[in-house]
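Presented below is the structure to which this report refers.
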Amino acid sequence: MTTHYSLLTTNSRGYITLLSVLVVGAVGMAIASSLLLLGLASSRTSFALEQSAQARMLADACVEEALQQIRDVSLFAGSNTLMLGKGVCEYSVTNLGGSGAFVTASSTVGNVVRKTEVTIDAINPTIHVAVWQEVADF
């Protein structure tokens with residue numbers, strides 16, 4: 001009878017060890033998959049922030065191009081499209097009668113769109129920007 005009891009005790013310890021290893025493995029897999037998913041979400045967020053910054057700089061570059069056109073031809077009015085880097089931007093200049101102008105610029109990088117409006121209250125002798133702001137829509 002003692003032999004039978006010691007055999008059961010040895011088998012019970014083996015099952016307990018096996019179950020412990022399985023539980024620890026499952027917890028480890030859950031932690032690893034959570035970290036992997038968090039890393040993926042962080043990577044996507046970082047990519048979207050990078051595209052947003054690029055789109056903002058591209059919209060500003062379009063406004064700068066429009067200001068250069070106004071500087072070259074003080075009565076400039078019109079629009080243009082620029083392709084720079086990984087994005088595209090469009091600007092439009094509305095002349096306000098020779099003493100000022102209104103510039104809108106919209107840029108797209110990936111799925112991110114940024115828009116900027118600029119109001120110029122003096123063109124000669126130098127361009128004076130009264131308002132330069134990012135807007136949600138024109």
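Taking our numbering, I'd label the letters of the sequence shown as residues 1 to 138. Using N, Cα and C, we set each Cβ at its ideal position, and we do this for glycine too.
Inter-residue spacing [alpha-carbon to alpha-carbon] between residue i and residue j
i: L58; j: L84; result: 7 Å
i: F138; j: V103; result: 11 Å
i: S12; j: V27; result: 23 Å
i: T17; j: I31; result: 21 Å
i: G97; j: T81; result: 24 Å
i: G14; j: G25; result: 16 Å
i: R44; j: I120; result: 38 Å
i: N124; j: Q69; result: 14 Å
i: L22; j: M29; result: 10 Å
i: L35; j: S46; result: 16 Å
i: L40; j: S20; result: 30 Å
Span of the beta strand (DSSP E) around residue i
i: V103; result: A101 to V109
i: I123; result: Run containing I123: none; DSSP gives neither H nor E here.
i: G78; result: G78 to L84
i: V88; result: G87 to N95
For residue j and residue i, believed in contact at Cβ under 8 Å, the rounded distance
i: T108; j: G87; result: 6 Å
i: A105; j: V63; result: 5 Å
i: S79; j: Y91; result: 6 Å
i: N95; j: A77; result: 4 Å
i: V112; j: A48; result: 7 Å
Residues near residue i in its chain [Cβ-Cβ closer than 8 Å; skip 5 each side]
i: A122; result: S99, G100 and H128
i: V93; result: A66, Q69, I70, F76, A77, G78, S79, A101, F102 and V103
Neighbourhood of residue i by C-beta, 6 Å cutoff - its chain only, sequence neighbours within 5 removed
i: V135; result: K115 and E117
i: S42; result: none
Residue of the options minimising C-alpha distance to residue i
i: G110; options: S34, S52 and A41; result: S52
i: A55; options: C89, S46 and T126; result: C89
i: D139; options: S20, E50 and T126; result: As displayed, the chain neither begins before 1 nor continues past 138, which places residue 139 out of reach and without an answer.
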